[in-house]
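**Student:** Everything in the sequence shown is counted per my numbering, starting at 65 for the first residue and increasing by one. After the C-alpha cells below, expect a handful of questions from me.
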Amino acid sequence: MKHILLSLCLILIIFIVACGPSPEVIASQTATAATATAAAWTKTPTPTLTQTPTPTHTPTPTPTPTPTQTPTPIGGSGRILFITQESRTLYSLILNSMTLDGSTSVELISKTRMAEKLQKDVYRIYLLPSNDGKKVLINVCFVDDECPRSETYIAPLDLSTLVPININASVPKYVSWKWSPDNTKLIGMLSDGLGRKKGFYIVNSDGSDLKFFPSSVYESEPFFSSDDSQIYWFIGHAGLWVMNADGSNKYQVRDKGMDNAYSNELQFSPKGEKVAFETYVKGNRYLVIANSDFSNQTLFLWSESNYVYSITWSFDGQYILISGQNGNSESWGGLAYIIMKTDSGEQVSLGIPENEIWIQCGWSPDNKFVYIGNDDYLGLVDLSHPNPIDSIYRISFSKWTSCPIWLP
C-alpha cells in the first residue's frame with residue numbers, strides 16, 4: 065500500500081511538471097511581475113515647469129524733430145549793398161544801425177577788378193545784385209556807354225566764377241534785367257536802343273536754360289509773380305497778360321480797372337498775398353490793390369494826374385511808396401513821392417520840393433523810415449514826423465546811383 069501511494073505521487077508530480085509552464089515562461093512572468101511591482105511603487109516625478117521669460121520691451125526712440133530754421137529777417141545781418149556813381153563800383157556796407165550811422169564800406173566789385181578777371185580793357189560795368197546779395201549780374205561795356213560790344217555775366221560777389229549769358233540778337237543788346245523774388249531766375253526786356261521792345265529773356269541764375277519770347281512794341285517790362293511760377297506784362301490798352309515761367313499757358317487777365325485801360329508798374333507784396341499796379345481809365349489814374357490772383361480789385365484815385373514810375377511795398381505790406389510825375393509840375397522832371405495805405409487808399413505826400421529829383425529807394429526793414437537818394441547822397445525820411453520832408457537828413461557817402469539793398 066505504501067508503495068502504491070508513493071507511485072501515485074510520483075506520477076502526479078511528473079504530470080504537473082510536464083503540463084505546467086516552462087521555466088523560461090515562469091522566469092519571464094516573474095521578471096514582468098517584478099517590473100510591474102517596481103513600477104507600482106516608483107513615483108513618476110512631477111515635471112518642473114520652466115517659465116518662459118517675458119521679453120524685455122525695448123522702447124522705440126522718438127526721433128528728435130529737426131528744428132525749423134528761422135530765416136534771418138531782412139536787415140538782420142546789418143548789411144546792405146549799394147553802387148556808387150563815379151566808377152559803378154559795388155560796395156558792401158557794414159551797418160551799426162538801421163539809420164546807417166557809423167558805417168564802414170568795403171569794395172567788392174569794380175571796373176578794375178573786372179578788367180583783371182577778364183584780361184580785357186573795360187570801359188564801364190553795370191551791376192544788378194540779387195535780392196539776397198549772394199550773386200550779381202554784371203554787364204561789361206568794352207567801348208563806350210552805348211555798349212556796341214558788351215558781355216553779360218552772373219557771378220558771386222567774390223567773382224570766383226563768371227557764368228556768361230550768351231544773347232544772340234540781331235539788334236544791339238539793350239537788355240533791362242530783373243531778378244526773380246527767390247533769386248533763382250532773371251528776366252530781361254530786349255529793346256533796340258530807341259525804346260522799341262523786341263521781346264524778353266528768361267534765364268536761370270546759374271546761366272542755364274536761356275529762353276527768348278518775342279513781344280510787341282507796346283509791351284511793358286515783364287514781372288515775375290511772387291512765387292516765380294508766372295510772368296506778367298502789360299500790352300498798351302490790351303490789358304494784363306500772364307504766362308507760366310516756361311512760356312506755356314499764355315492768357316489775358318480781364319477785370320475791372322484793366323479792361324480797355326492802359327496799365328503799368330505791377331508789383332507783388334512781400335508775402336505775395338497782394339498785388340498793386342497803376343491803371344489809366346477815362347482820364348483818371350488809379351492805384352489798384354488786388355489779391356495775388358487779381359480778384360477783389362480796389363481802385364484808389366492817384367492824387368497826382370500823371371504817370372506812376374515806381375511802386376514799392378513796405379515790408380509789412382501795409383503801405384506803398386509811390387513815385388510819379390507831378391501833375392502840378394510844368395516840367396516833365398517834377399516828381400511826387402506819396403505814401404499810401406493799402407487798406408484805405410489814404411495818401412500822404414513826402415513834400416519833396418518839385419525841383420529836387422530823387423531816386424525812390426524804399427523802406428527800412430522796420431517800416432518806420434523811407435530811404436530816397438539823389439546824385440549826391442542818400443536821404444532818410446522819418447515817417448512819424450508831422451511833415452516828413454522836414455525830417456530828412458543826409459547820410460554821408462560818395463555819390464549814389466542805386467538805392468541800398470537790405471540783406472537778410
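By construction, the Cβ of each residue, glycine as well, lies at the ideal position given by its N, Cα and C atoms.
1. Bridge partners of residue 435, per DSSP?
2. If you follow the beta strand (DSSP E) that residue 304 is in, where does it begin and where does it stop?
3. With DSSP as the reference, identify every bridge partner of residue 173, one or two as the case may be.
4. Look up residue 455 in the DSSP assignment and say whether it is helix, strand or coil.
5. Applying the criterion that 16 or more other CB atoms from any shown protein chain within 10 Å of the CB defines a buried residue, is residue 203 buried or exposed?
6. Can you give me the start and stop residues for the beta strand (DSSP E) that residue 215 sits inside?
7. For residue 469, count neighbouring C-beta atoms within 10 Å of its own C-beta (all shown protein chains included) and say buried if the count is 16 or more, exposed if not.
8. Anyone know if the C-beta pair for residue 381 and residue 335 falls short of 9 Å?
9. Quick one: Cα of residue 147 to Cα of residue 441, how far?
10. Between which two residues does the beta strand (DSSP E) holding residue 348 run?
11. Let me know if residue 351 comes out buried or exposed under the rule of 16 or more other beta-carbons within 10 Å of its beta-carbon.
12. With a cut-off of 8 Å on the beta carbons, I'd call residue 230 and residue 249 a contact; round off their distance for me.
13. Which residue wins for smallest C-alpha separation from residue 279, given the options 294, 289, 254 and 292?
14. Express the C-alpha separation of residue 180 and residue 340 in angstroms, rounding to a whole number.
15. Does the beta-carbon of residue 56 have 16 or more other beta-carbons within 10 angstroms, so that it is buried, or is it exposed?
16. Write down the C-beta distance between residue 356 and residue 332 rounded to the nearest angstrom, noting that I regard them as a contact closer than 8 Å.
17. Name the DSSP beta bridge partners of residue 203, please?
18. Report the three-state DSSP secondary structure of residue 363 (helix, strand or coil).
19. Could you please give me the residues that DSSP links to residue 20 through a beta bridge?
20. Between residue 251 and residue 449, what straight-line distance do the alpha-carbon atoms span, to the nearest angstrom?
21. Compute the Euclidean distance between the alpha carbons of residue 186 and residue 366, then round it to the nearest angstrom.
22. Based on the DSSP secondary-structure assignment, which residues constitute the bridge partners of residue 263?
23. What residue does the beta strand (DSSP E) around residue 343 start on, and which one ends it?
24. So, is residue 312 buried or exposed, given that buried needs 16 or more other C-beta atoms within 10 angstroms?
25. For residue 140, list the residues DSSP reports as bridge partners.
26. Determine the direct distance from the alpha carbon of residue 206 to that of residue 353, and round the result to whole angstroms.
27. Cβ of residue 193 within 9 Å of Cβ of residue 145?
28. Could you work out which residue in 241, 190 and 247 is closest to residue 197 when comparing CA atoms only?
29. Which one or two residues does DSSP pair with residue 316 in a beta bridge?
30. Have a look at 401, 295, 338 and 372 and flag the residue whose alpha-carbon is nearest the alpha-carbon of residue 361.
31. Among 273, 308 and 242, which has the Cα closest to the Cα of residue 285?
32. Out of 143, 432, 188 and 177, point me to the one whose CA is closest to residue 169's CA.
33. If you draw a straight line from the alpha carbon of residue 456 to that of residue 172, how long is it in whole angstroms?
**Tutor:** Let me lay it out:
1. Its beta-bridge partners are 426 and 444.
2. Under the DSSP assignment, residue 304 falls in the beta strand (DSSP E) whose first and last residues are 304-308.
3. Answer is 154.
4. Residue 455 falls in the helix class under three-state DSSP.
5. It is buried - the Cβ of residue 203 has at least 16 other Cβ atoms within 10 Å.
6. That run of the beta strand (DSSP E) goes 214-220.
7. Buried, because 16 or more other Cβ atoms sit within 10 Å of the Cβ of residue 469.
8. Yes, the Cβ-Cβ distance between residue 381 and residue 335 is below 9 Å.
9. Approximately 12 Å, taken between the alpha carbons.
10. Unbroken beta strand (DSSP E) run through residue 348: 348-355.
11. With 16 or more other Cβ atoms within 10 Å, it is buried.
12. Incorrect: roughly 16 Å between the Cβ atoms, too far for contact.
13. If we check each option's Cα against that of residue 279, 254 comes out closest.
14. Between the C-alpha atoms of residue 340 and residue 180 there is a straight-line separation of about 43 Å.
15. Residue 56 lies beyond the range of the chain shown here (65 to 472); nothing can be said about it.
16. Yes, residue 356 and residue 332 are in contact; Cβ-Cβ is about 6 Å, under 8 Å.
17. According to DSSP, which records beta bridges pairwise, residue 203 is partnered with 190 and 216.
18. Under the three-state reduction of DSSP, residue 363 is assigned to strand.
19. The structure shown does not extend to residue 20, since the chain spans only 65 to 472, so no value can be given for it.
20. CA-to-CA, the gap between residue 251 and residue 449 works out to about 39 Å.
21. Residue 366 has its alpha-carbon roughly 44 Å from the corresponding atom of residue 186.
22. In the DSSP output, where bridge partners are listed per residue, residue 263 has 254 and 278.
23. Per DSSP, the unbroken beta strand (DSSP E) holding residue 343 starts and ends at 338-345.
24. The Cβ neighbour count for residue 312, taken over all protein chains shown within 10 Å, is under 16; the residue is labelled exposed.
25. Note: residue 140 sits in no beta bridge, so no partner.
26. Rounded to the nearest angstrom, the two C-alpha atoms are 43 Å apart.
27. Residue 193 places its beta carbon less than 9 Å from that of residue 145.
28. The shortest C-alpha separation from residue 197 is found at 247.
29. 305.
30. Residue 338 is the option with its Cα nearest to residue 361.
31. The candidate whose alpha carbon is nearest that of residue 285 is 242.
32. For the residues 143, 432, 188 and 177, the minimum Cα distance to residue 169 belongs to 143.
33. Rounded to whole angstroms, the separation of the alpha carbons of residue 172 and residue 456 is 29 Å.
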